[in-house]
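2 protein chains.
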Amino acid sequence: MSDVARAAGVSTATVSRVVNGHYGVSAGTTTKVRAAIERLGYESSLVATSLRRSRTNVLGLVTHSFQSYTAEVFKGVMEALRRSGFDLIIYANSDLYGTYSEGWEQRHLTRLSGTLTDGCIVVTPWDDVQSRTPVVVIDPARNSTTPSVTADNLAGATAAVEHLLGLGHRRIGFIAGRASMAAAWLREEGYRAALTRAGLPVDQTLIAGGDFNPESAAPLARNLLDRADRPTAIFAASDGMALMVLEVANKLGLSVPGDLSVVGFDNIPESAVAEPSLTTVDQSMYQLGYEAARMLKSLVTGDWEGPREMVLPTRLVVRNSTAPPGSTPGP
Amino acid sequence: MSDVARAAGVSTATVSRVVNGHYGVSAGTTTKVRAAIERLGYESSLVATSLRRSRTNVLGLVTHSFQSYTAEVFKGVMEALRRSGFDLIIYANSDLYGTYSEGWEQRHLTRLSGTLTDGCIVVTPWDDVQSRTPVVVIDPARNSTTPSVTADNLAGATAAVEHLLGLGHRRIGFIAGRASMAAAWLREEGYRAALTRAGLPVDQTLIAGGDFNPESAAPLARNLLDRADRPTAIFAASDGMALMVLEVANKLGLSVPGDLSVVGFDNIPESAVAEPSLTTVDQSMYQLGYEAARMLKSLVTGDWEGPREMVLPTRLVVRNSTAPPGSTPGP
DNA sequence: CTGAAAGCGCTTACAG
DNA sequence: CTGAAAGCGCTTACAG
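In order, the protein sequences belong to chains A and B.
Here our numbering is used: the first residue of the first sequence is 21, the next is one more, and so on.
Here our numbering is used: the first residue of the second sequence is 21, the next is one more, and so on.
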């Protein structure tokens, strides 16, 4: 900027005024400055500007993982931000499974929201987060009071298990998600509720504690399926884990859905092309992203009227990984 | 930071030293400062730090669009950056089809690279870009001299057209991509090369100028297919456009591949689930992202040895949208 | 070992 | 209408 000021023979203050279109600069000076900017290819530094200004018109999105569903979230966010005047900065850490994971979201939320961003979306944080600027969480931690957008995990999980019950299953295993997340807890609640409502006891030994990561499900599935009285169906709290169950069953020589029915949760793209295709509960990550961005935008501009906790409907998607227990595999 | 300094009874300089782990701070002071940091939940501002320092250990990625393939690029980039010590900032503008599109990449590259990032990846820019810090372009503009990673568009397009020729097609239409991009030009070159090599003339009226956007392909496809001497096959320079050709053919009552064969380029996820599934040229966007990040990382640390223009192999994926001309549709 | 001071690139009252 | 100066939150020579 000082280069431009020198070239145009004015002060940096004047250059700043021209760049930001402020009033009170003569036409002649404006022309001179514009010419210098053009000639030098000057572009103001995002960092310096944001340090000085209170408002940046940049929204942030912090995510610790990067998977198929994350991409859908991004698309929804971008759609909501289109022509809004807000740009988006996505901050992703490079240490996916490293030591930085714990509390990572909070740390980076703070680092960004001090100055760079006017507000942030945080995707599936491990713990509750807070910030001086508005935050909307997609899939909040349990007991979080931060504004959030989330799928109706309870209803979705209930529907999933009721689908299995309707098929005639009575011994249904459950592989849970990361306990600190509300979604994990509610999906387990849905599992329990469906069984209880059907007059069935909840067998604690059929509940295994995963963490949403596919890898975590492998040993758990093996345990459940190695038992003499193995369940005839398994409901996993995420598609990633359900897909792993499919793999384990395959290794164990169990046919799906002949010997074992499997239901997941999320409806990630991979679940549609799996072999067999996976019955699952659809939560539109696109919608989640879209609504989160819409809420954040209004929170930032101060005109949000709706509830600060938004729950979006889910939908059971029946595919080929579920069938009545003991049914013979198709051709 | 000044809060921390006050709480710990030291100067901000000392706090900074502790935060950054610099030598020359007594154990007692360090403890005091750490305690204050912990108590106040202090986190240094990314913006302020990057403004003062030359190195930020943050890499940038600038993209004007956000589509399925972009997500694959991200995954590749993240994988390459894993445990590298670099974080990633993705900058996406909210004005996808708005007035900002022209020169957008360059503008934001400049705004970021001044201070925030140590280097940037730019995805499919419309024009050539330059920066004071290292840049790697994925799918560069024509005649770009910036370090880049790109698929072997020439070989891929040649293989696509040779596949159609092998099936017996002689009148093959081509829907081109955005002319300013090297990929568009090379895909057209491949189309021409394959025809010429087969001893066939290149019929200019069978070449239509699209811009990679699906929407741009609709009227072009209609033009090509409305002709009395319509082509028996169309090769589109992107899957998005090819999918649009499928749609147009459907509206026109033409069956694919019975009346018309269609080949795309990219192998986006949607092409596998299209009806019929799309024959296309696979370019691994994941690989493109991975290699671009690897190159950028080394460029930033100054230890890049390889060529600054990298070309990755492509692979023809034959699906159900291609068949010999005039063949009757299957059951 | 520690602090006062300068400065990174901007913006914005405050004077003139 | 324009400029000198202060300051956003940090880091880093420079003194002590």
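The beta-carbon is built from N, C-alpha and C at its ideal position, and this holds for glycine as well.
(request) Please go through the same chain and pick out, in chain order, the residues whose beta-carbon is closer than 6 Å to the beta-carbon of alanine 171 (chain B), but skip the five residues on each side of it. (result) Gln303, Leu332 and Thr334
(request) Tell me whether the beta-carbon of alanine 313 (chain B) lies closer than 8 Å to the beta-carbon of glycine 96 (chain B). (result) yes
(message) Would the stretch 184-200 of chain B count as touching the stretch 152-159 of chain B if we require 3 or more Cβ pairs under 8 Å?
(response) no
(message) For glutamate 295 (chain B) and phenylalanine 255 (chain A), what's the separation of their Cα atoms in angstroms?
(response) 31 Å
(request) Would you mind reading off the limits of the beta strand (DSSP E) that contains serine 281 (chain B)? (result) 281-283
(request) Below 7 Å between beta carbons is the criterion; list the residues of the stretch 65-93 of chain A that meet it against any residue of chain B, in chain order. (result) Ser65, Leu66, Val67, Ala68, Ser70, Leu71, Phe86 and Ala91
(request) Please work out which residues of its chain come closer than 6 Å, Cβ to Cβ, to asparagine 173 (chain B), disregarding the five sequence neighbours upstream and downstream, and give them in chain order. (result) Ala203, Leu206 and Arg207
(request) Determine the chain A residues that contact arginine 131 (chain B) at a beta-carbon separation under 9 Å, and present them in chain order. (result) Glu63, Ser64, Ser65, Leu66, Val67 and Thr69
(request) Using a Cβ-Cβ cut-off of 8 Å, state whether tyrosine 211 (chain A) counts as contacting chain B. (result) no
(message) With distance defined between alpha-carbon atoms, name the residue in B:Val39, B:Asn233, B:Gly260 and B:Val143 nearest to proline 289 (chain B).
(response) B:Gly260
(message) For the structure I just gave you, are there three or more beta carbon pairs, one from the stretch 72-90 of chain B and one from the stretch 134-152 of chain A, closer than 8 Å?
(response) no
(message) Tell me the rounded alpha-carbon separation between threonine 34 (chain B) and threonine 135 (chain B).
(response) 24 Å
(request) Select from the stretch 283-302 of chain B all residues with a C-beta closer than 8 Å to any C-beta belonging to chain A, and list them in chain order. (result) Pro289, Ala292 and Val293
(message) According to DSSP, simplified to helix, strand and coil, what is threonine 300 (chain A)?
(response) strand
(request) Identify whether proline 309 (chain A) lies in helix, strand or coil by the three-state DSSP scheme. (result) A quick correction: the sequence has glycine, not proline, at residue 309 (chain A). Looking at glycine 309 (chain A) - three-state DSSP - the assignment turns out to be helix.
(request) Pull out every residue of the stretch 135-149 of chain A whose Cβ sits closer than 7 Å to any Cβ of chain B, in chain order. (result) Thr135 and Leu136
(request) Identify every run of the alpha helix (DSSP H) within the stretch 158-204 of chain B, keeping only runs that are complete inside it and at least 4 residues long; order them along the chain. (result) 173-187
(request) Tell me whether phenylalanine 94 (chain B) sits in a helix, a strand or coil according to DSSP, three-state version. (result) helix
(request) Given a cut-off of 8 Å, decide if alanine 241 (chain A) and valine 268 (chain A) are closer than it, judged by their beta-carbon atoms. (result) yes
(request) Indicate whether valine 169 (chain B) and methionine 315 (chain B) have their beta-carbon atoms separated by less than 8 Å. (result) yes
(request) Tell me whether valine 282 (chain B) is buried or exposed, calling it buried when 16 or more other Cβ atoms sit within 10 Å of its Cβ. (result) buried
(message) Relative to the C-alpha of tyrosine 111 (chain A), which candidate in B:Glu311, B:Val82 and B:Gly284 has its C-alpha closest?
(response) B:Val82
(message) Is it buried or exposed, glycine 210 (chain A), if we count other Cβ atoms within 10 angstroms and call 16 or more buried?
(response) buried
(request) Could you pull the start and end residues of the alpha helix (DSSP H) that alanine 269 (chain B) belongs to? (result) 259-271
(message) Starting from threonine 130 (chain A), trace the alpha helix (DSSP H) in both directions and tell me its first and last residue.
(response) 124-133
(request) Determine the DSSP secondary structure at valine 35 (chain B), reduced to helix, strand or coil. (result) helix
(request) Mind listing the chain A neighbours of asparagine 340 (chain B)? Cutoff is C-beta to C-beta under 9 Å, in chain order. (result) Under the 9 Å cutoff, chain A gives no residues; its nearest Cβ is about 15 Å from asparagine 340 (chain B).
(request) Identify each residue in the stretch 217-239 of chain B for which the Cβ-Cβ distance to at least one residue of chain A is less than 9 Å, and report them in chain order. (result) none
(request) Going by CA-CA distance only, name the one from A:Ala257, A:Pro167 and A:Ala196 that's closest to methionine 319 (chain A). (result) A small correction: the amino acid at residue 319 (chain A) is leucine; methionine does not occupy that position in the sequence shown. Comparing Cα-Cα distances from leucine 319 (chain A) to each of A:Ala257, A:Pro167 and A:Ala196, the minimum goes to A:Pro167.
(message) Quick check: the Cα distance between tyrosine 117 (chain B) and threonine 252 (chain A), rounded to an integer number of angstroms?
(response) Unreliable positioning characterises tyrosine 117 (chain B) in this predicted model, as indicated by a pLDDT of 48, which lies under 50. A coordinate reading is not provided.
(request) Grab the span of the alpha helix (DSSP H) containing threonine 83 (chain B) for me, first residue to last. (result) Element bounds for threonine 83 (chain B): not the alpha helix (DSSP H) but the beta strand (DSSP E), 78-83.
(message) Looking at the secondary structure, which residues open and close the alpha helix (DSSP H) in which glutamate 290 (chain A) lies?
(response) 289-293
(request) State the CB to CB distance for the pair glutamate 63 (chain A) and threonine 137 (chain B), rounded to an integer number of angstroms; the pair is presumed to be in contact (CB under 8 Å). (result) Between threonine 137 (chain B) and glutamate 63 (chain A) the Cβ distance is about 14 Å, and since that is not below 8 Å, they are no contact.
(request) Kindly indicate the opening and closing residues of the alpha helix (DSSP H) around valine 222 (chain A). (result) First-last for valine 222 (chain A): undefined, no H or E at that position.
(request) Anything in the stretch 97-113 of chain A with a Cβ closer than 8 Å to a Cβ of chain B? List those residues in chain order, please. (result) Met98, Leu101, Arg102, Arg103, Ser104, Gly105, Phe106, Asp107, Leu108, Ile109, Ile110, Tyr111, Ala112 and Asn113
(request) Could you tell me whether the Cβ atoms of threonine 342 (chain B) and leucine 101 (chain B) are closer together than 8 Å? (result) no
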